[in-house]
Structures are given as C-alpha cells and as structure tokens.
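Residue numbers (my numbering), protein chains in the order written: chain A, 1466 to 1619; chain B, 2 to 499; chain C, 895 to 1230.
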Amino acid sequence: MTPLHVAMALVSLCGVAAWQVSLIPESLMQMTVGPTLVPAVVVGGLALLALIYGISAWRGQQADESLAEDQSALPGANQRLLSLLAGGVAFMALIVPLGFVIPGTLCGVGVARSFDAPVNAKSVVICALIASTFWLLFARILGVGLGPALPMWF
Amino acid sequence: MSSFDALMGGFANALQPVTLMWGFVGCFIGTLVGVLPGIGPALTIALLLPLTYHVPATSMFVMFAGIYYGAAYGGSTTSILIKTPGEASSMMTALEGNKMARNGRAGQALATAAIGSFVAGTIGTLALTFFAPMVVDAALAFGPAEYFSLMMVSVVAVSAVLGNSMLRGLIALTVGALLGLVGIDLQTGQARFTFGQAALLDGIEVTVAAVGIFAVGEALYLAWQGRETKTGEVMKVSGSLWMSKSDWSRSWKPWLRGAFYGFPIGAMPAGGAELPTLLSYYTEKKLSPNPEEFGNGAIEGVAGPEAANNAAAAGVLMPLLTLGIPTSATAAIMLSAFEGYGIQTGPQLFSSQGSLVWTLIASLYIGNIILLVLNLPLVGLWVKLLKIPPPWLYAGIIVISTAGVYGAGNSVFNVGLLFAFGLMGYAMRRFDFPAAPLIVGLILAPMAEQSMRQALTISQGEWSTFFTRPLSGSLMAVAALLLIVPPLWKQWRSRTSR
Amino acid sequence: MVFMSYSDDFALPRRDCLKWMGAAGLAATGISGHAQSAWPNKPIRWIVPFAPGGTSSIVARTIATELSKQMGVSFIIDNKGGGGGVPAMQEMMRTPADGYTIVMSHIGLMAVNPLIYPDSGYDVNKDFVPVTLLSRVPSLFVVHKDVPVTDLKSLIAYVKARPGQLNYASAGNASAGHLAMEALKLATGMFVTHIPYRGTGPALNDVLAGRIQLFSAGTPALLPHIKSGALRCLATGTAERIPVLPDVPTVAESGFKDFETVQWYGITARAGTPPEIILKLQQECAKVMKSPEVMAKYAAESAIPGGGTPNEYAAFIAKEQARWKEVVIKGQIKPG
C-alpha cells in the first residue's frame, strides 16, 4: 500500500459519493438550500483535494510512515493485521448466537496473536478471563446491555 | 434569603457521613461505567439512575452528582492511558494526554485532567449558583445563524489540529464532513448516503468513529508494525507521578480559559462538549510560547480541554434547571432524574422549590470534591495498568471497546463500523493523516448544514443574515480574523526581524 | 413514596446498603443462561423515537419511572430521534419479539408515516402490535409573547396581512406538532413556513427567543412557559377547554367546528411478542395510570390517561390513520 493507493481510494470514494448525491431527489418544498447543495459542495471539495494529493503522491512527495527508519514494519505485518481484524469479525459473527464470553475470548485471542502472543491454552484462558471480567462488571453488575454471557444451551 | 444563604442551607443538608459515603459509591460506579468506551455520560446515568432511588433521599443527590461527574472523568482516564476516548469530547485529551503518557508523563496528565476537571466543575457550579439566568439569556440569544457562525469559528480552530500537512489535514476534515452528512436530512426527510441501509438512517455515531480511529486504529497500526513487544513495556513511567511546579504554572490558566469556554457553550442547545474542547485546544496552542510541543504532549493541551469538558457538563444544567429545556441526551436523562427526585424544573424552580434545588447544587460541589479525592490517589494504580504486556493490554483494549460500542446500541453494525474505522485509522496513521479533523468534520458538518438552512428559511433566503445579525456577524468576523491575522502576523514578524 | 423518608433515617446500616446494591443489581440484570424466568427479569429498553426534551420523552419518562418502581426492573429510555421516527422503528424491527424492547408509538409514527415513507421496510399494522394507549395530550397552539395577537381570529388576520413572513417551528417532519399546525393551516387557510428542528427542545429554544413566531406542541413542554408569560396560548386543539388553561378557547370554539387534534402516545411491541407479555404490560400500565404521581402529572397537563386494552388501542389507531390521511395529502407533508 502506497500513498498513490490512498489517493486512488479517495478518488473512488468521491465517485461513489457523487453517484449517491445524484440519487437524492430534489425537494418539492421551497427552500433556498436544498438537500443536495451541501453534499455536492463537500464531494466537490474532496475530489479537488484528492486530486492534489494524488498528483503529489505520484511525484513521491507524500508521507509513508512505514518508510521512516526504525519505523518500518517487521516481517509478518499483514498476518498480524489480519489476525486482529479476524478477531473483530469473529466477535461480530458470534455475539448474537453465542453470548458475550466466547466471541470476546476469540476476539481477544486474535488481538493477542497480532501482538505476537502464541495461540495456546494460556492465551485462551487469559482472554476468557478478560472477557468474563468485563461481562461480569459491566453487564451483570452495572447493567450495560451486552447480552447473555454464554449461549442458552450451555 | 440570598443565594449564598440558600447554598449554605443546601450544604447543611448534603454534608452527612452517610451522604458522603453514597457520594463515593456514585463517583466510583460513575467512573467505572464512564471508562467503557462508547458509553458516554448519558447512557451511564440512564443505567445507574435506578440505583439512586434505593438510597435515602438526601444521599440521592450526591450519589447522582458522583455518577454524573464520574462518568465524565472516566472517559479522560482511558483517553490518556490507552488513547481510547470515552466519547468524542475526550478526543483532545486522547491526542495530547496519550502523547504525554508515552513520554512517561502519564501521572502528570492524569493529575492535570483531574484537577482541571475539579476547577472547571467548581467554576461551572458557581456560575450555576449565581449567574444562571444571565447565562441562559445569553444562550437563548444563539439562534441558527449564530450557531452557524460559531461553527465557522470552530472550523478555523480545526487548523490547530491539522498536523504536519495542511493538505492531508483538510482531506481528513472533508472525509469527516462527508461521513457526517450520512443519514436523513432534517429539512426534507430524505435519506442521504445511506445505500438503503436502515442502520445508517441515523447517521454515523461519532463515538464509534472516534473509538474506532483512535483505539482500534492505533492497535492495528502497532500490531502491523510489530515493534511493541520488542521494546518491553508499553509506556515507561519516569520520575514522580505528581505535577511539578512548572506543570502547575502551565496548567492553571488553561483550566480557567477552558472553563470559560465550556459552560456557555454547554448551556446552549446543541452546543455540546466537543466544540469547547476544540476551541480550548486551539486557544492554548495559539497562546503557548512553545506551540510545537502540541501534538507531542503539551500539558496545556490536556488541561484546557479537560476543563472545558467538565465545565460544559456543568453548563448543561443551566437551561435544564431554569427553563426545563434539556440541551443534550445527558440533560434529558437528568431531567427525568430530577422529576424522580421531585424537582420540577422550569421558570418557577428556584422560587417554588428552593431548598431541594440548593441541596442539589451543594451536592454537585461535593460530588466534584469527592471525585478529586477519590481519583488522585488512584493515579498510581491506573499507571500500573500500563505495565501489562502488550498482547493482553491490547486484547483488553479491543475487547472493552467492542463491548462498549456493542452495549451502547446493541448493534452489530456499529461493531462493524468500529473496525472499519479502525482500518481507516491504521491507514491514516501510516500515511500521516491527522485523526482529529476527521472527527471534528463528522460532528460539525451536519450541525453546520442544519443551522445554515434553518437560518436561511427564517430569514427567507437572505444570505446576509449571517452578517447582519449582531452576534452572528461578530462571530463571523472573529472567524475571519483568526484565519487571516496569524499568517499575516508571521509574515510581518519575519520581515521585521530580518 | 421516596420523599417520605426525606427527614428520617440517616443511619443506614452497611449491610443494608450492600443488600440494596445487590438487589438493585440483580433486579436490573436478572439471571442469564437458564430456562426462561418470568418476564420481566432484565431491564426493558423503551425506544422513544424523538430527541430528548419533548412531550413524548416527558410522558415516557414519567411512566417509565413508575413502571420501574412497580415492576422492579428498570425501563431504560432510549431516545432515537430524527428521521420522522423511521430509524427508531427499524431499530425496533431488529429486536427480538420477546417483550424486552418496546417502542413508543405516536400519531406521526402510526398514522402518517405509512403515507410518507411507504418503503421504510416495515408495515405498522402487520409488523407491530399495539399494547396500550398511554395518553392523549392536548395540542396547544402558542405564539411568542411579542406577536401582537390575542386569539386565533387575530392571528389569522395577522398572518394574511404578512404573506410568507411568519414561521412555525416543529419537532421534526411528521411530528405531532407539525401535523397539528398543518391541520390548522388547512382549516384556517393560513400560510406559515415550516421550520423543522430535531425535537421539541431545540424548537422551543428558538420560539422562546422569539426567532420563530408560532409553535404547536403538547401541554407538558409548553405549560411552564405559558404560565410564566413567555409564550401565549391562542387555542387548544381539544374538543373542550382544558382545566389547566380555562381561559383559552378551543379551535372549534374559535369558529372551526369539528377541529380536533390531540397528540397521543402509546406503547407498541413487535408482532409475535407472546400475548401474555403484552397483556401483562398493559395491565401494569393500567395500574400505573392510577398511581398518584402519574395522575397528578396528567392532571397538571390536562392529559387524558390511557391504559386501555390492546384492542381498544388498535381501533383508535385505525381511526386516526383514516383521519390524518386527508391532512397529509392536502398539506403535502411528504419528503421530496
């Protein structure tokens, strides 16, 4: 991923946004400023800025922190990134059917893995402890709506 | 009976040992729930309010005051230590305070936040006692045109947080503005940018975006880098935990200035606490002799916004008590709380229910003090938390953030948004796009658009209304001056110093 | 009631405190993971489709407080304002039909939205079941004190003399106040510009400041200001004069026969919620209606308490839906 990619992402965002703006029907009500003016202005502004950024990225003038010395990513960067995100996905997929503790544990393990902790029993236990403590404290004692701790059939 | 005597009467009611004990309990649980990212003071109070009905009547107020201020304070702690803003108004604290923590000055950051919150809360409550009607009248003078102009001032203030590159900062601001427009248009009822998703009809919640970009984004970036585990501990804690003399001298004026931003804007409907923190940060940066420190851990950047945050919390009480108008979700919950306690807010409040109200106000003072007493010693404890090895620390951070966002709305969609913003935050961190302008854009864009359109409809299409109305015009002038003068000043100085 | 202990009992033994906290905590969260215990055994989420501060929130909070005390579980108000209430209903659609989430239904949501937002993804009559009508609150038509009119007739003359110059605020598109004003405009032939706000709170702020001249809302939010003189009530939308404002004529009296707009609120649950739960909730609400606090509050605002059966509420909704269809179509209350 390079700044140029970022610029392209921004420009495509503008494209999608512009398409969405075109979908807004003009209001029949009388008003000085309708529902499309401000979105159109914002999209236009972003497009302009994205273009400037893109040109400067093309010329190699844009920052990429990872290229700075001793800031670069150590090998395995993408795996770590994906591991953390996988934890998030696991949570989202499982929170409704499985209660809070199991998805919370999985999420925690994913995050820990992304910080180089091995996936082993110790990791699972620690994360289960973290998830359970949060559930006990916030859902049970304080009443935050986190759903049941464990699925019904447990 | 003069206000002061009435206040003393209120104190007499409130200062009993049992009452104080319940105050401590309130502060403690308020802080705990406030710590949960995504659960702001409104939800905290809503959740904990029923507990207050079970305690003796005099203790109710102090317990409630503890919960209220405690919730505000909890968010600051997580902002400083783990860069996880409890709600959007803790964003500035998360920016500067976390940098201070990473420089080994976590204790000082926490201390200045605590003391600043106390000072501001006290000033705010003082203002409530003696100046409430005046402040409310001033707040009422703010109509849509004035709001719009205030937002223009805020947009200029964003320049303080644009970071190293104006271009990238502006891109962040514009992306934030675009995201802020997602949802149903108030004037026409049209859905905009929602892609047919019902979950987006309400727009994108600012807290989700803030927690996502700050906390999850940071974690993603550090995980990607892979260097956290190599350096040993997350944050070194060097030297003492207490504020040095220079810290004190650098903090006290920001506290005062922040408080003066906070409570008028907090008293306005839709004013909120985010604008004052932004304005305070901007002011401190401009007034500081070392502006380059900002963004790297300047204590003023924590002291001012924290004070502004708490003063806004106190400011919210003014229209609530004097007019019965709740100006935020938190205020609305409090309205219900007061009704439960038998306080009927509105124009006749002070005359018809004096003693109850003064007891409440006295309780607010006391709650403030209890919070300070409770939290300062805890600073050492909080800082120890940072010694947890990174995998478990970050696992805890992500799980607590996810829990908070999920619990706040019971919405898996929001959790998805959280991680999407996290990914965005990672990219922003990597390519040096500042996060604060995005959040500010997210907050300001819909408010500014609404105010502008309301103002235009009221003035029947006259664009000059923003300049001809006196208050609005002066604010626009301030915005213009703030924009034009500093670069000109710099130019003039460099020319004369040659 | 809580205040009876105001002057006694300062020394609460520590054990009792812990017992209270434990009881409160358990009552609030219930037991998880086991077989279904009796409803309710955990907090109930009450979605209110408006920003905080307006009549709907006030009514909801009053009743929620009483229900919480009566039933021992907290009723948590969840304000989800904006979008005419559509997002709130859609949020409701995502919750299970287990009786732990209820939504406050009102005139705009049930009678008007189906006409304005035909593709909102739900059908108010098929996907939801009425639980009970909570309250009918008189709509008041007020002006800022500086507007030189004394009653409805002089207002009409004043407006006709200044075409297009006067504005009225509302709590949002298709809110009760919006509908009431459009009904009034239809009946009287006035034209005033509509300025929507996010909820009664912000709208009230601008009306009090005098930036907006006209407003219509329910009694709870407006009464303190009418009494203090900041606002002047020109007419009420009820069939008869209301006790708290005996000097204010009704719109019908002022020359527009058969005019009636009341704001009404009720509780609605998901279709598929077990009927026993619906009935139990309705009965608890009926009990709450009779509690002294609620009765006092309703009387102070001239609200007519509900608490009737689900079937009665269903019939009422059907009637209102027919009635407002005309106003919506003629008043062009549509987005876009």
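Yeah, the Cβ is synthetic: ideal placement off N, Cα and C, and Gly gets one too.
- Residue range 471 to 497 is occupied by the alpha helix (DSSP H) that includes residue 487 (chain B).
- Per DSSP, residue 1142 (chain C) lies in no beta strand (DSSP E) segment and is marked neither H nor E.
- For residue 1160 (chain C), the enclosing beta strand (DSSP E) has its first and last residue at 1156 to 1164.
- Per DSSP, residue 316 (chain B) is not a residue of any beta strand (DSSP E); the alpha helix (DSSP H) it occupies stretches across 301 to 316.
- Looking at C:966, C:1070 and C:1170, the one whose alpha-carbon comes closest to that of residue 1218 (chain C) is C:1070.
- For the beta strand (DSSP E) assignment, the uninterrupted runs of no fewer than 3 residues enclosed by the segment 1044 to 1123 of chain C are, from N- to C-terminal side, 1061 to 1064, 1087 to 1090 and 1108 to 1112.
- For residue 1183 (chain C), the uninterrupted alpha helix (DSSP H) run begins and ends at 1169 to 1184, by DSSP.
- Judged by beta-carbon spacing, residue 25 (chain B) lies beyond the 8 Å limit of residue 362 (chain B), meaning their Cβ atoms are not closer than that value.
- Sorting B:46, B:392 and B:82 by C-alpha distance to the C-alpha of residue 386 (chain B) places B:82 at the top.
- A contact is defined here as three or more CB-CB pairs under 8 Å, and the segment 401 to 411 of chain B fails this definition with respect to the segment 154 to 174 of chain B.
- Interface residue (Cβ-Cβ distance to chain B less than 8 Å): residue 1099 (chain C) is classified as such.
- For residue 191 (chain B), the nearest beta carbon of chain A is closer than 8 Å to its own beta carbon.
- Counted as a single uninterrupted DSSP element, the alpha helix (DSSP H) harbouring residue 1010 (chain C) occupies residues 1007 to 1010.
- Secondary structure at residue 145 (chain B): helix, using DSSP grouped into helix, strand and coil.
- Fewer than three pairs of CB atoms, one per stretch, sit closer than 8 Å, so the segment 429 to 447 of chain B makes no contact with the segment 249 to 266 of chain B.
- CA-to-CA, the gap between residue 1113 (chain C) and residue 1472 (chain A) works out to about 55 Å.
- Take the alpha-carbon of residue 214 (chain B) and the one of residue 1479 (chain A): they are about 20 Å apart.
- Under the three-state reduction of DSSP, residue 1217 (chain C) is assigned to helix.
- With distances taken between CA atoms, residue 941 (chain C) lies nearest to C:979 out of C:934, C:979 and C:1090.
- Where residue 940 (chain C) is concerned, the enclosing beta strand (DSSP E) starts and stops at 938 to 942.
- Taking C-beta separations shorter than 8 Å and ignoring five residues to either side along the sequence, residue 1539 (chain A) has no partners in its chain.
- DSSP places residue 1222 (chain C) within a helical segment (H, G or I) once states are collapsed to three.
- Residue 1582 (chain A) carries a coil assignment under DSSP once its states are collapsed to helix, strand and coil.
- For residue 458 (chain B), the chain A residues whose Cβ falls inside 8 Å of its Cβ are 1496 and 1497, in order along the chain.
- With 16 or more other CB atoms across the displayed protein chains lying within 10 angstroms of its CB, residue 1508 (chain A) is buried.
- Our two residues, residue 446 (chain B) and residue 274 (chain B), have alpha carbons roughly 16 Å apart in a direct line.
- At the C-beta level, residue 172 (chain B) and residue 1469 (chain A) stay beyond 8 Å of one another.
- Residue 1571 (chain A) is a Cβ neighbour of residue 1556 (chain A), given a cutoff of 8 Å.
- With the rule of 3 Cβ pairs closer than 8 Å, the segment 1193 to 1209 of chain C does not count as touching the segment 1053 to 1073 of chain C.
- When rounded, the separation of the alpha-carbon atoms in residue 201 (chain B) and residue 194 (chain B) is 8 Å.
- The segment 1577 to 1597 of chain A makes no contact with the segment 94 to 107 of chain B: fewer than 3 CB pairs, one atom from each, lie closer than 8 Å.
- The beta-carbon distance between residue 115 (chain B) and residue 308 (chain B), rounded to whole angstroms, is 11 Å. This is too long to meet the 8 Å contact definition.
- In chain A, no part has a C-beta under 9 Å from the C-beta of residue 284 (chain B); the shortest such distance is about 27 Å.
- For residue 172 (chain B), the chain A residues whose C-beta falls within less than 8 Å of its own C-beta are 1475, 1511, 1514, 1515 and 1518, listed in chain order.
- Distance check between residue 354 (chain B) and each of B:335, B:376, B:322 and B:174 places B:322 closest, using alpha-carbon atoms only.
- Within a 10 Å sphere around the beta-carbon of residue 453 (chain B) sit 16 or more other beta-carbons, which makes this residue buried.
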